[in-house]
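These notes concern the structure reproduced below.
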Amino acid sequence: MIDSIPEMDGTILEVRNLTKHFPIKRGLLKRTVGAVKAVDDVSFNLKQGETLGLVGESGCGKTTTSRCILRAIDPTSGEIMFRTADGQAVNVATLPNREMRPLRREMQMIFQDPFSSLNSRMSLLDIVGEPLLVHGMTDGDERQERVAELLRLVGLRPEYMQRYPHAFSGGERQRIGIARALALHPRLVVADEPVSALDVSVQAQVINLLMDLQDEFELTYLFVAHDISVVKQISDRVAVLYVGKIVELADTAELFTKPRHPYSEALLAAVPVADPRLHREDRKLLEGEVANPANPPSGCYFHPRCPYVQDVCRTETPVLSEVSPGHFASCHRVQDLELTGIAQVDRKST
Amino acid sequence: MTETQSSAVLSVKDLMVHYPTDEGVVKALDGVSLDIQPGQTLGVVGESGCGKSTIGRAILQILDKPGQIVGGEILWNDPEKGSGSSQVDLTVQEPNGPEMRAIRGGDIALVFQEPMTSFSPIHTIGNQMSEAITLHQDKTAAEAKEWSMELMNMVGIPNPPQRFDEYSYQLSGGLRQRAMIAMAISCDPKLLIADEPTTALDVTTQAQILDLLRGLQETNKMAIMLITHNLGVIAEMADDVVVMYLGRAVESGPVDDIFHQPKHPYSKGLLESIPSVQASGHERLPSIAGSIPHPFNRPSGCTFRPRCPSFMSGVCDMNVPQYLTLDGGQQKVSCFLHHSPSGVEEVSSHD
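As you go down the protein sequences, you meet chains Z and P in turn.
The numbering used here puts the first residue of the first sequence at 1, with every later residue one more than the last.
The numbering used here puts the first residue of the second sequence at 351, with every later residue one more than the last.
Laid out in structure tokens, this is it:
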């Protein structure tokens, strides 16, 4: 199953046809009566040092995708090719747990909720030091030194390492979570909604920190968030998910200015912009709600809400295809639609 | 809007709400003043712990225990009580007295943040809507049912006869929030307090709900007090804005002034620190240093001083800035950059 992934362009991760179905069980015998197609044939790749943003509304499968990549859950099918530090390509999707373990130091996770993702009975030294201990740094002094270094790195004072999480604010806790994720020099960091639980003024600090750390250690981020403006700020490329499928994937600036999928257009139109002078009365609001992944509509999953729907959309499932170099969209009408993005303005001029 | 103060449908003046706890007193509101004009939307914006939700709850006298109003007034201007002085101070009303009960849900309605937990799970949606209607209006059960279904239609709930008999868990988040809004407007309120009405919703649903609120305001001419941390929502919805920090209003004014000429360093910092979908490139975000202080650990003087880039030693830490109207404008700000501390109360006398 070990397959090669293109080494030349620095691809660190290639996800191919990833699918995750959760069975729905009913009745006394717990028979499987259906499946929630949380992730449905998702493919993308990640280059070393870049940030790919995964955006979408609740139930679109963005968290499930990221958990499959880290093998926190086992995917139903598909391949997750990961290039290890020594240049080998391994398929994370099918690797036995034993062989998975050494890989875990290369892929780490930053969680959403800084209040529940830190053990309140462990001091900072234990929290940040635990991955070090698990991966063989048994010498206490050495570990303490590394923890101090990590805390300094994320902007916390090393003197605090004997304290417990309750003594810290939300933003500081998120920094602790980041220090823990970086302890083992990972190459791929999956950040699942890392700033959505934080206040606006603190959110900016954490985004800046993540960007600085990326520059310093050449980290690769898979950045999962529902807030499009946050994703815009940090990502090089963005993938838009809708009911378990990628509907569009492109460079960040291109996706925001020239979206090619009607759902991306609607998502951009729906984001409230903090400028009262910007009147967007003519924007199109979507009707209805996100489809149920246990019982998705026929054809294109977006067709019941799509303002540009045609007959073909109701029956045939569109495929994700490259519409211009590096820009992928999955829409039957991609060639004849003129969609509106968000005009970019220079921040300083406003 | 000082000149039009008398026409305000609701005026909050120096409101103080304290939560006495075992560890000390939490000053959730520490002297807040604001005015809501009839038919307009007042946006109340701030981060966690700034007291923005407490204002809404204090107005309706539904503060969580042990919270209590310890000072200030909430003047409710009842337009139907004829001309002349028709102001009622809500702070002196008995929370469970007949006056307050008539106002709560009748003249002033509230939309909560969490549509899941604010409905009773054991009563149908229709049941809960009709209850509010029969309580406040002289209608029979059949009339109430009819009116409920009409309201459901108005807020865009498909198939009202079916939804009327459903329970809240059978509705999606967006529909539940619509039902909540239908219930709130059922008695034709003069003021709708919407406390983070879209925070739990997806962006496309959020846009629908905001659109609905705008449409309802146009037809019902009600005032809306929109409480949220989302500056984008404020920019799209509000006519006037109040920016809060640690239990105080630090700045207020017309929405355009607040977003384009913010005067208080906190408002400025807040606006700069939000990532924008319009921004070109991804340079670093300007951010506000530090974090919101713990409620037991309020800084002396100006509460924003430890995080303020324009902190003036000997001024900001020694005096509490007053909340004053700027010259010739409608903007109010509490900051020593905009008025001198001379003659202002000293810290010691305040605490």
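Virtual Cβ for every residue (Gly too), placed ideally from N, Cα, C.
> For residue 580 of chain P, does the three-state DSSP call read helix, strand or coil?
Replying inline: coil
> Would the beta-carbon of residue 612 of chain P fall within 9 Å of that of residue 590 of chain P?
Replying inline: no
> Do residue 400 of chain P and residue 519 of chain P have their C-beta atoms closer together than 9 Å?
Replying inline: no
> Between residue 625 of chain P and chain Z, is there a C-beta pair that is closer than 9 Å?
Replying inline: yes
> Quick one: is residue 623 of chain P buried, meaning 16 or more other Cβ sit within 10 Å of its Cβ, or exposed?
Replying inline: buried
> Could you give the residue range of the alpha helix (DSSP H) that holds residue 108 of chain Z?
Replying inline: Taken as a continuous stretch (DSSP letters only), residue 108 of chain Z belongs to no alpha helix (DSSP H), being part of the beta strand (DSSP E) at 107 to 110.
> Is it a yes or a no for the segment 279 to 292 of chain Z touching the segment 564 to 580 of chain P, going by three-plus beta-carbon pairs under 8 Å?
Replying inline: no
> Counting only beta-carbon atoms, is residue 339 of chain P nearer than 9 Å to chain Z?
Replying inline: Outside the displayed span of chain P (351 to 701) sits residue 339 of chain P, for which this structure offers no information.
>> Going by DSSP, what residue range makes up the alpha helix (DSSP H) through residue 338 of chain Z?
In response: Residue 338 of chain Z -> no alpha helix (DSSP H), and no H or E assigned at all.
> Would DSSP call residue 136 of chain Z helix, strand or coil?
Replying inline: coil
> How long is the line joining the alpha carbons of residue 189 of chain Z and residue 47 of chain Z, rounded to whole angstroms?
Replying inline: 12 Å
> Which of the three DSSP states, helix, strand or coil, is assigned to residue 668 of chain P?
Replying inline: coil
>> For a contact defined as C-beta to C-beta under 9 Å, what are the partners of residue 403 of chain P on chain Z?
In response: Chain Z residues near residue 403 of chain P: none, gap ~14 Å exceeds 9 Å.
>> Measuring alpha carbon to alpha carbon, tell me which residue in Z:76, Z:71, Z:295 is nearest residue 100 of chain Z.
In response: Z:71
> Should residue 354 of chain P go down as buried or exposed, given a rule of 16 or more other Cβ atoms within 10 Å for buried?
Replying inline: Low confidence applies here, because residue 354 of chain P scores a pLDDT of 43, under 50, leaving its location unreliable; read the following figure in that light. With fewer than 16 other Cβ atoms within 10 Å, it is exposed.
> Where DSSP assigns a beta bridge to residue 173 of chain Z, which residues make up the other side?
Replying inline: According to DSSP, which records beta bridges pairwise, residue 173 of chain Z is partnered with nothing at all.
>> Using beta carbons (cut-off 9 Å, strictly below), is residue 688 of chain P in contact with chain Z?
In response: no
> So which of Z:236, Z:228, Z:208 has the shortest CA-CA distance to residue 220 of chain Z?
Replying inline: Z:236
>> For a contact defined as C-beta to C-beta under 7 Å, what are the partners of residue 609 of chain P on chain Z?
In response: 274, 275, 276
> If we ignore side chains and look at the alpha-carbon of each, how far apart do residue 560 of chain P and residue 92 of chain Z end up?
Replying inline: 43 Å
>> To the nearest angstrom, how far is the alpha carbon of residue 550 of chain P from that of residue 527 of chain P?
In response: 10 Å
> Three or more C-beta pairs closer than 8 Å, one from the segment 285 to 299 of chain Z and one from the segment 34 to 49 of chain Z: is that the case here?
Replying inline: yes
>> I'd like the span of the alpha helix (DSSP H) that includes residue 230 of chain Z, first residue to last.
In response: 228 to 234
> Does the separation of the CB atoms of residue 359 of chain P and residue 573 of chain P fall below 9 Å?
Replying inline: yes
>> If we define contact as Cβ-Cβ less than 9 Å, is residue 636 of chain P a contact residue for chain Z?
In response: yes
>> What does the alpha-carbon distance come out to for the pair residue 137 of chain Z and residue 143 of chain Z?
In response: 6 Å
>> Contact criterion: CB-CB distance below 9 Å. Does residue 554 of chain P meet it with respect to chain Z?
In response: yes
> Ordered along the chain, which non-local residues of its own chain (more than five positions away) have a Cβ less than 6 Å from that of residue 409 of chain P?
Replying inline: 424
> Does any CB atom of chain P fall closer than 9 Å to the CB of residue 166 of chain Z?
Replying inline: no
>> In whole angstroms, give me the CA-to-CA distance for residue 180 of chain Z and residue 129 of chain Z.
In response: 7 Å
> Alpha carbon to alpha carbon, how far is residue 55 of chain Z from residue 506 of chain P?
Replying inline: 27 Å
> Under a CB-based cut-off of 9 Å, is residue 162 of chain Z close to chain P?
Replying inline: no
> Would you say residue 621 of chain P faces chain Z, with C-beta separation under 9 Å as the test?
Replying inline: yes
> In the structure shown, what three-state DSSP assignment does residue 70 of chain Z receive?
Replying inline: coil
> Where does residue 65 of chain Z land, buried or exposed, given buried means 16+ other C-beta within 10 angstroms?
Replying inline: buried
> Shortest alpha-carbon distance to residue 264 of chain Z belongs to which of Z:311, Z:337, Z:197?
Replying inline: Z:337
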